[in-house]
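Protein chains in written order, with the numbering used here: chain A, 522 to 897; chain B, 28 to 324; chain C, 81 to 519.
Note that beta-carbon positions come from the ideal geometry of N, C-alpha and C, so glycine has one too.
As structure tokens, the structure follows; a few thoughts come after it.
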Amino acid sequence: MAEPTTPTTEAAPAPAKSAAPAEHRLLVTSSPHVGTPESVPRIMHTVWLALLPAAAAAVWLFGYDALLVIGLTVAACVGFEALMLKARGLAWDEVRHLAFDGSAIVAGVLLAFNLPATAPWWIVLVGAFVAMGLGKHVFGGLGHNPFNPALVARIFLVISFPTQMAVYISPVDSFTQSSAERLELDLAEFDGQTYATPLGRLKDAVRAQADPAKVEAIRAEVAERYPVADLFLGRTGGALGETSALALLLGAALLLWRRIITWHIPLSFLGTTAVVTGIAWAVHPELYAEPLVYLLSGGLILGACFMATDMVTSPVSRTGMLVFGAGCGLITAVIRLWGGYPEGVAFSILIMNALVPLIDRYTKGRKFGETRRAAA
Amino acid sequence: MLEAVLIPAAVLGGLGGLLAVVLLVAARKFAVYEDPLVAAVEAALPNANCGACGFAGCHDFATKIVATRDEKMFCPPGGKDTAAKVGSLLGMAVEGRDPPVAVVMCRGSRGVANFAGEYQGLSDCRAATLVDGATKVCPYGCVGLGSCVKACSYDAIVIRDGVAVVLPERCIGDGACVQACPRGIIRMAPRDVRVYVACVSHDAGAAVRKYCKVGCIGCKRCVKACAFDAIQFDRNLARVDHDKCTACGACVGTCPQKVIEEVGLVGEAHAKAHPPPKEKKPAAESTAAAAPPAAGA
Amino acid sequence: MVRTFKRGGVHPPEHKQLTERKPIETLPLPKRVVIPMAQCLGAPAEPTVKPKDAVKAGQRIGEPKGFVSTPVHASISGTVKKVDLYPTAVGARILSVEIESDGKDEWVEGIDLESREVDFTRPDDFLPALTDAGLVGMGGAAFPTHVKLKPPKDVKVDTLILNGAECEPYLTADHRLMLERAPEIALGLQILMAVLKVDRAYVGIEDNKPDAAATMRQALAGTLGVEVAVCRTRYPQGAEKQLIKSLTGREVPPGKLPMHVGCVVQNVGTAFAAFEAVARHKPLVERVLTVSGRAIREPKNLRVRIGTPLSDLVAFCGGAADDLRKLIFGGPMMGKALRFEDVPIVKSTSGILFFDREEAAAVREFPCIRCGRCVAACPQGLVPCDLGDQAEHGQYAGFADALDCVECGSCQFTCPAHRRLVHLLRLGKSEFRRLQKKG
């Protein structure tokens with residue numbers, strides 16, 4: 522601002538009229554003076570709305586216990602979020618506002634989707650506490666967490682309570698049957714064993730590869746028990762929200778349409794998994810299943826569409842998103858095919874979360890007018 | 028059975044011993060000699076690492092003064108006491124003054140100065156001036172968003188009614204606020220001189236009157252009142268020459284605009300010395316609303 | 081073929097329907113004008129009149145100081161009342177000349193308000209005429225036109241681009257000007273081409289103004305080397321660098337000017353003013369602007385004398401609503417919010433927006449959720465969210481890379497957390513420059 526320092530004559534600086542009453546009528550802000558109607562709460566609320574089809578599928582498949590687990594997880598997450606916001610010294614009305622900005626609800630639903638229907642209440646509470654505390658608020662709350670809170674909690678629970686976290690039940694189609702009843706029936710049906718997930722059985726086959734006859738038996742059993750159509754609809758065992766590819770894809774379509782996620786992460790994630798498992802299958806068809814089975818089973822679609830795409834913990838540029846998704850897909854496939862765990866989606870996303878700052882740094886786009894960008 | 032205990036103990040003990048020898052050799056071989064005086068001088072300094080002396084922190088100051096024995100080197104926040112201590116350590120007389128104190132050359136608080144518009148944006152004086160968000164009509168006065176408050180490590184400045192106020196008992200005189208102020212209205216003054224003109228407006232009196240009730244209007248009454256020729260006058264603005272001022276206070280009462288301020292008067296004493304000018308209407312309500320606090324901040 | 085730049089950009093609601101069908105009206109002669117000396121992006125002019133002087137419209141009242149400076153002219157005839165500091169859109173206290181009208185609107189000798197004659201046989205006379213007329217870029221930046229038209233010897237300019245994109249929402253002044261004054265703009269374009277000695281020119285118009293494109297095409301039919309190019313309606317299509325990219329495919333390197341890729345961009349309003357300066361010897365003393373927004377009763381496109389107080393425009397447009405909350409000089413994306421209600425119109429005022437409480441309502445700010453929308457929206461390929469974080473933490477070293485930010489506002493417009501990204505970037509750039517100067 523070029524302002525002369527000395528007046529040439531007596532000055533009359535005050536506004537010509539509208540002296541006192543309208544003195545503070547005009548608002549001064551930086552440009553721009555218009556903004557998108559989109560907002561953080563709107564995004565978060567849309568995300569959990571997009572998860573509702575999968576929640577409905579969970580209730581349909583695993584009975585009313587699914588509803589209880591989802592409800593309790595969400596309530597616990599919102600509760601812990603409010604407590605931690607308060608502990609960080611915010612006023613109550615701030616706390617109320619932020620606890621219902623939708624991000625705690627999303628974390629709650631996602632965490633519930635990672636739990637089995639048989640999860641006891643205390644696992645839910647521990648998980649919610651870990652998600653909100655270790656996953657989010659130790660880093661400074663919304664926007665500052667490097668890792669997806671729901672996945673931090675899931676890994677914490679899988680490592681701390683491996684037994685409870687692996688008790689899956691077979692799909693029931695009966696709303697009134699409790700998971701405990703169903704578990705009894707499963708134990709009777711499978712000679713004292715709980716329901717085995719397709720990925721678990723495929724891992725069993727790999728572990729038994731010294732004995733070709735056994736491998737063949739397991740492969741035959743997998744093919745018979747888990748037809749692809751059932752996998753697509755979700756009529757299989759697993760964590761609550763991960764089984765129904767159909768319901769998850771419906772939700773993902775909503776997010777894509779509302780432009781909350783872009784195609785980059787889901788496609789590169791799923792694509793890389795498909796390519797790597799496809800190669801393994803082509804080389805060892807007797808040992809590994811076809812890629813479609815890997816795509817539709819386990820938490821791959823839930824992870825690729827809803828957890829890897831978490832804005833806070835994924836790269837900001839389109840190129841970065843492609844790299845991030847490909848990394849997730851690669852690690853998932855490697856763990857599934859050769860790792861100790863049958864499932865690798867959660868690990869892969871967390872590992873890639875840790876690499877996001879690096880990815881962001883090396884995928885900064887070319888600036889306008891630059892012919893070639895020197896590596897930062 | 029005994030082996031199971033002995034072997035690990037021997038391995039770990041041996042490893043520990045070996046590493047200890049390596050560390051010992053390294054410490055001897057790479058040891059850097061430092062004059063013990065440096066450590067002693069550093070201990071005598073305030074160790075605030077404020078940089079007011081012009082060196083990169085207290086250690087740097089200590090190293091330099093021990094090396095050069097320059098009696099002109101001076102730690103402003105430390106004042107006379109520190110200078111004496113450092114001097115006795117080095118066996119010489121180090122020039123000592125009391126630390127200066129920051130003074131804000133503006134008293135145009137809400138209801139006293141005129142405002143136009145309401146600013147919403149970054150709570151930072153410099154940022155506000157970038158978007159015409161300094162809402163005081165006076166183009167010289169305190170923006171009042173507290174960039175100086177943020178810059179001060181000693182909580183020695185507060186914003187009171189839209190104007191920065193220095194708390195002299197807390198001010199150590201490091202001058203961080205002077206750098207932070209986009210309007211350049213914070214100056215360092217000697218602590219023992221108690222009078223200064225709290226205005227920097229070079230505008231003519233009639234212009235100043237239109238936007239501020241406590242602006243210097245250039246009437247020169249203080250110049251006439253001063254028996255020591257300590258008030259300089261330049262382009263409609265009076266300024267106290269601290270080398271000549273004896274803090275007799277003769278000028279304070281003569282100022283019709285009450286812009287001559289005494290260093291050291293804060294709180295009630297300040298209010299008593301400067302009763303707020305009579306208002307025709309109640310003081311305008313908050314004008315420079317800060318940005319809504321960022322969620323989770 | 082609809083052309084566009086490839087990277088970034090947003091599409092804010094246009095709100096152009098408020099005024100796009102309203103013909104330009106001429107504001108009645110103001111009773112008084114306040115003409116600031118600082119009206120270009122350069123040194124302010126030096127006043128050459130004193131109180132009680134009689135002046136005529138078009139008379140020079142401010143001499144330029146230096147090359148990057150423009151003269152200032154009286155916009156009405158009358159008497160100089162004061163030469164003083166006034167609150168204006170560029171600052172709270174700007175040296176200005178106040179003129180009281182004698183109501184006669186007498187013009188200085190030599191100005192022919194009706195002439196349409198341009199003597200293309202004497203192109204060397206054009207540049208002095210434009211310089212004397214005090215022309216500045218009328219899209220909003222107010223860069224002295226004669227400086228742009230006189231590139232340094234070692235720079236080869238081969239293309240002139242006439243900017244009729246008008247990508248800012250609400251604004252329709254350029255649109256109406258193209259519809260109503262196409263032949264004059266066409267002549268102005270040829271004048272500018274002659275000054276630059278280029279044989280290729282584009283007129284860039286967004287595809288939300290097909291009528292303007294058709295009119296301009298008609299006016300320019302038969303003019304060799306000129307193409308009226310329709311561009312996608314995408315903000316900031318009218319930003320110099322983006323328009324050059326859309327029309328020629330060239331990218332202006334960071335830290336460089338359009339002339340370094342052989343282009344000069346001028347606003348259509350500037351072309352019209354160039355025509356008036358050459359054909360009519362009329363200096364830049366009036367301009368067309370849009371008055372819009374929900375807090376003004378009758379939004380209009382107006383032809384206004386420079387220095388007219390805003391209150392005259394308000395009265396002519398039926399008055400401002402009681403819940404007027406924000407006054408913006410310029411468009412909503414890059415315009416400047418004003419503190420004072422009655423400031424004079426200046427050469428760069430492309431529009432004045434009156435926002436009511438609802439339009440100006442602050443949206444709650446959230447922490448950055450790293451959605452990356454600002455990265456996708458930035459036409460310059462920057463990472464606004466990271467730069468904003470750095471500025472928030474007082475770290476300005478990273479802004480060496482961000483000096484190409486043109487503050488177009490795309491990042492902040494698209495930010496769902498409603499962070500004040502542009503403000504942060506402004507702070508960061510200015511602090512970076514300040515610290516760099518300090519060394």
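Locate the beta strand (DSSP E) running through residue i, then write down its first and last residues.
{"i": "glutamine 492 of chain C", "result": "Unbroken run through glutamine 492 of chain C is the alpha helix (DSSP H), 490 to 494; no beta strand (DSSP E)."}
{"i": "cysteine 458 of chain C", "result": "Counting along the chain, cysteine 458 of chain C falls outside any beta strand (DSSP E), and DSSP gives it neither H nor E."}
{"i": "methionine 842 of chain A", "result": "No beta strand (DSSP E) contains methionine 842 of chain A, which is instead part of the alpha helix (DSSP H) from 839 to 859."}
{"i": "arginine 210 of chain B", "result": "Taken as a continuous stretch (DSSP letters only), arginine 210 of chain B belongs to no beta strand (DSSP E), as it is neither H nor E."}
{"i": "valine 693 of chain A", "result": "Where valine 693 of chain A is concerned, there is no enclosing beta strand (DSSP E), given that its DSSP letter is neither H nor E."}
Across which residues does DSSP place residue i in a beta bridge pair?
{"i": "aspartate 287 of chain C", "result": "Answer is none; aspartate 287 of chain C lacks a bridge partner."}
{"i": "asparagine 141 of chain B", "result": "In DSSP, asparagine 141 of chain B forms no bridge with anything."}
{"i": "serine 181 of chain C", "result": "C/Gly158"}
{"i": "lysine 380 of chain C", "result": "C/Val371"}
{"i": "cysteine 485 of chain C", "result": "Bridge partners of cysteine 485 of chain C: none, in fact."}
{"i": "leucine 240 of chain C", "result": "C/Ala281, C/Val344"}
{"i": "phenylalanine 479 of chain C", "result": "According to DSSP, which records beta bridges pairwise, phenylalanine 479 of chain C is partnered with nothing at all."}
Tell whether a beta-carbon distance below 8 Å holds between residue i and residue j.
{"i": "asparagine 669 of chain A", "j": "aspartate 831 of chain A", "result": "yes"}
{"i": "valine 241 of chain B", "j": "arginine 134 of chain B", "result": "yes"}
{"i": "methionine 258 of chain C", "j": "methionine 296 of chain C", "result": "yes"}
{"i": "alanine 854 of chain A", "j": "threonine 794 of chain A", "result": "yes"}
{"i": "glycine 148 of chain B", "j": "alanine 155 of chain B", "result": "yes"}
{"i": "cysteine 198 of chain B", "j": "alanine 216 of chain B", "result": "no"}
{"i": "leucine 776 of chain A", "j": "valine 568 of chain A", "result": "yes"}
{"i": "aspartate 586 of chain A", "j": "alanine 638 of chain A", "result": "yes"}
{"i": "proline 667 of chain A", "j": "alanine 829 of chain A", "result": "no"}
Of the residues the options, which one's Cα is nearest the Cα of residue i?
{"i": "methionine 686 of chain A", "options": "A/Ile676, A/Ser695, A/Pro692", "result": "A/Ile676"}
{"i": "glycine 860 of chain A", "options": "A/His618, A/Leu720, A/Tyr585, A/Arg779", "result": "A/Leu720"}
{"i": "leucine 29 of chain C", "options": "C/Met413, C/Arg419, C/Thr370", "result": "Residue 29 of chain C lies beyond the range of chain C shown here (81 to 519); nothing can be said about it."}
{"i": "glutamate 288 of chain B", "options": "B/Ala129, B/Leu172, B/Ala67, B/Ala75", "result": "B/Ala129"}
{"i": "glutamate 366 of chain C", "options": "C/Ala301, C/Glu356, C/Arg101, C/Ala395", "result": "C/Glu356"}
{"i": "cysteine 465 of chain C", "options": "C/Ala441, C/Cys491, C/Pro389", "result": "C/Cys491"}
{"i": "alanine 252 of chain B", "options": "B/Ala274, B/Tyr238, B/Cys239", "result": "B/Ala274"}
{"i": "proline 343 of chain B", "options": "B/Phe57, B/Ala53, B/Gly106", "result": "The question about residue 343 of chain B has no answer, for chain B in this structure spans 28 to 324."}
{"i": "proline 878 of chain A", "options": "A/Ala612, A/Leu858, A/Val844, A/Thr892", "result": "A/Val844"}
{"i": "histidine 153 of chain C", "options": "C/Asp212, C/Leu483, C/Phe435", "result": "C/Asp212"}
Just to confirm my understanding: we take residue i, look at its own chain, exclude 5 residues before and 5 after, and list those with CB closer than 7 Å. What are they?
{"i": "glycine 114 of chain B", "result": "Ala120, Val121"}
{"i": "lysine 724 of chain A", "result": "Pro863"}
{"i": "alanine 322 of chain B", "result": "In this predicted model, alanine 322 of chain B has a pLDDT of only 37, less than 50, meaning its place in the structure is not dependable; the value taken from the coordinates is given anyway. There are no such residues."}
{"i": "valine 384 of chain C", "result": "Leu107, Glu366, Arg367, Leu369, Leu393, Ile425"}
Quick one: what's got a C-beta closer than 8 Å to residue i's C-beta in the same chain, skipping five residues either side?
{"i": "isoleucine 852 of chain A", "result": "Gly865, Phe868, Ser869, Ile872, Met873"}
{"i": "threonine 84 of chain C", "result": "Cys311, Arg312, Arg314, Gln317, Ser326"}
{"i": "arginine 330 of chain C", "result": "Ile324, Val341, Gly342, Cys343"}
{"i": "glutamate 544 of chain A", "result": "For glutamate 544 of chain A, the pLDDT reaches just 49, beneath the cut-off of 50, and the residue's location in the model is therefore unreliable, although a value from the coordinates is still provided. Contacts found: none."}
{"i": "alanine 225 of chain B", "result": "Val130, Val131, Met132, Cys133, Arg134, Val241, Val286, Ile287, Glu288"}
{"i": "lysine 96 of chain C", "result": "Pro249, Tyr250, Leu251, Thr252, His255, Asn288"}
Going along the chain, which residues of its own chain have a beta-carbon closer than 6 Å to the beta-carbon of residue i, five neighbours each way excluded?
{"i": "arginine 453 of chain C", "result": "Thr494"}
{"i": "valine 82 of chain C", "result": "Asp287, Val310, Arg312"}
{"i": "serine 428 of chain C", "result": "Gly220, Ala222"}
{"i": "threonine 529 of chain A", "result": "For threonine 529 of chain A, the pLDDT reaches just 34, beneath the cut-off of 50, and the residue's location in the model is therefore unreliable, although a value from the coordinates is still provided. Correct list: empty, nothing qualifies."}
{"i": "phenylalanine 479 of chain C", "result": "Gly508, Lys509, Phe512"}
How far does the alpha helix (DSSP H) with residue i in it extend, from its first residue to its last?
{"i": "threonine 109 of chain B", "result": "106 to 117"}
{"i": "asparagine 874 of chain A", "result": "866 to 883"}
{"i": "threonine 211 of chain C", "result": "206 to 212"}
{"i": "phenylalanine 147 of chain C", "result": "First-last for phenylalanine 147 of chain C: undefined, no H or E at that position."}
Just the chain D side, please: which residues come within less than 7 Å of residue i by C-beta, in chain order?
{"i": "glycine 474 of chain C", "result": "Chain labels in this structure do not include chain D; the protein chains are A, B and C."}
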